[in-house]
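What follows is a set of notes on a single structure, which appears directly below.
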Amino acid sequence: MPPSGFHKEQSFHVVSFLRLCLSDLASEAKELSLKYTDALKKEVNNIDLIVQNDDNKYQFHILMIVREFYLNILKFNPSDEEEMISVGEDICNDIDELILSVHVPKITK
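Residues are numbered in the numbering used here as their position in the sequence shown, beginning at 1, plus a constant of 884.
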């Protein structure tokens, strides 16, 4: 991260990753004829199982970002794919702003 904080390209890649995760989950829900809220809950539970049984700290933190993203979407109780994607997009916009608001002090000797 540059001393001034994160920049738009970095933020873009983070929210793009989350959008792709949500798009894949929507496709999976449709394919398995799951309610979208059930698909989100299933993924959160799967993430919980993975992190309980894995010591990889990088994987843990990445999964926690996805888990929190899904939990925030669940708060809106989306009834269909369009609503789930729309809520996810709103949350991605919030995440984008939060990432860009991170500023750290310049490293000095």
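Think of the CB as a built atom: it goes at the ideal place given N, C-alpha and C, for glycine as much as any other residue.
Count the other CB atoms, across all protein chains shown, that sit within 10 Å of the CB of V986; report buried if there are 16 or more and exposed otherwise. Flag for V986 reads exposed.
Report yes or no: do three or more beta-carbon pairs, one from the segment 964-978 and one from the segment 925-938, lie closer than 8 Å? no
E965 to Y942 span [Cα, whole Å]: 30 Å
Using C-beta distances below 6 Å, list every residue in its chain close to L906, excluding the 5 sequence neighbours before and after it, in chain order. Within the same chain, G972 come within 6 Å of L906 by CB-CB distance, once the 5 residues on both sides are set aside.
Proximity winner among F890, I949, T921 and D939, relative to F960 (alpha-carbon distances): T921
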